[in-house]
Amino acid sequence: MAGAAGVIGIAPPVRIGERPDATDPAGAQKHGAPIAARPEPELKLSGVGHAFGPSAVLEGVELSVSRGETVALVGPSGCGKTTLLHLVAGLLPLREGAIENRFASTACMFQQPRLLPWKTARENVALGLKARGVARAERAGRADELGRRLGLSAQDLAKFPHELSGGMQSRVALARALVLDPQLLLLDEPFVSLDIGLKAELYALLAEHQASRGMAVLMITHDLMEAVRLSNRILVMVAEPGRIARRLALRGDPARRDDDWVYRSTAALLRDEVVRLSFGLHKAGVACEPALRVVGPGAIADLGTAAGAFAIEDDPPATKPSAHRC
Ligand SMILES: Nc1ncnc2c1ncn2[C@@H]1O[C@H](COP(=O)(O)OP(=O)(O)OP(=O)(O)O)[C@@H](O)[C@H]1O
Ligand SMILES: [Mg+2]
């Protein structure tokens, strides 16, 4: 069944790149564009595996990211998401598989902020600019401007990392990556310690950078709703060893998604058996409704309430037998 597109939700199945039925309010009118055809990927991972000592952490990871798109990696703690991002960033030696990165520039924001403790927040933000030979005044100006957008005042930027809250440190780390105007931004749980108002502002800032510069984002998040809000595609990982078990393409332009769409789509996603398996929800005694399991295009009329938000790009690889019991 490889390549067969299933859907989660009520709207008719949409093949990748096809325009939706204009009479379909959920897919076409309310949510704008269909699942867009992707440009040729600039980042490609093929058969990537990794082990720490005898323990296999990643196995057979295939992944690609195109210009301008946001791809979210979700999965349980310890399944290898950070390891995967470190391989892409070149921070770990690649021992198995291939990684081809044709983006002109790549910047990372790591799970730990990794700020230099002897430099102020402003200097930390401007670090990459300094390495590029940008003059001091311009560095400070750009750091201040971006800092302001991220809710960091001039006073905050004059502080040293130990004088900043965890959320502030995260924002400095995000600013340090964004200030470089990368073509590919790698984010490891970037918004984890932020309040919802600030998150909303940072989502908007990210969207603005993407719209104006065509930046692509590969983002790890534990927050499924965040993944649904921001992404063009969601890759769901399972553990032991870490691998991608579900690939979902989301309808429409992330910048046009409203809260209602995000809530309903997340709820729909949480009823997918592979997602439930990935997050251990199958152990919680909540049954998957058979009709809401992943279905082929012919069976979607049974799907009750959801938003028609996703197309499944391909079938997951075989999971362990017990894994399918929800
Ligand atoms: N440097 C290392 N040496 C040995 N084992 C490691 C190392 N880094 C990670 N691991 C192990 O690899 C596995 C995957 O770790 P990783 O940090 O990639 O997970 P993750 O999916 O990012 O988890 P989380 O969501 O909690 O951040 C874990 O079992 C972890 O203990
Ligand atoms: Mg991690």
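Going by this note's numbering, the first residue of the sequence shown is number 30, and it counts up by one from there. Beta carbons: idealized from backbone N, C-alpha and C, even for Gly. The structure displayed is predicted, hence computed values, not measured ones.
Can you check whether the CB of residue j is closer than 8 Å to the CB of residue i?
| i | j | result |
| --- | --- | --- |
| Arg205 | Asn153 | yes |
| Ile273 | Leu264 | yes |
| Ala268 | Gly162 | no |
| Asp185 | Ala150 | yes |
| Thr250 | Val103 | yes |
| Met248 | Ala101 | yes |
| Leu207 | Leu72 | no |
| Ala155 | Gly76 | no |
| Pro270 | Glu88 | yes |
| Gly97 | Gly309 | no |
| Arg275 | Val246 | no |
Classify residue i as helix, strand or coil using the three-state DSSP reduction.
| i | result |
| --- | --- |
| Pro346 | Confidence at Pro346 is low in this model, with a pLDDT of 45, below 50, so the placement of that residue is unreliable and no value is reported for it. |
| Gly186 | Correcting the residue identity first, residue 186 is Leu in this sequence and not Gly. Of the three classes helix, strand and coil, the one that applies to Leu186 here is helix, per DSSP. |
| Glu129 | strand |
| Ala164 | coil |
| Met254 | helix |
| Met197 | helix |
| Arg262 | strand |
| Pro319 | The predicted position of Pro319 is uncertain, since its pLDDT is 41 and thus under 50; a value taken from the coordinates is nonetheless stated next. Helix at Pro319. |
| Leu279 | strand |
| Thr111 | helix |
| Ala150 | helix |
| His238 | helix |
| Ala297 | helix |
Measuring alpha carbon to alpha carbon, tell me which of the options ends up nearest residue i.
| i | options | result |
| --- | --- | --- |
| Trp147 | Ala169, Ala166, Ala118, Ala187 | Ala187 |
| Leu116 | Arg280, Arg143, Gly196, Glu91 | Glu91 |
| Asp288 | Ala278, Glu302, Val257, His311 | Val257 |
So if DSSP puts residue i in a beta bridge, which residue, or which two residues, is it bridged to?
| i | result |
| --- | --- |
| Arg272 | Val267 |
| Lys73 | Ser93, Glu129 |
| Thr135 | Leu213 |
| Ser84 | Phe81 |
| Leu247 | Val100, Leu215 |
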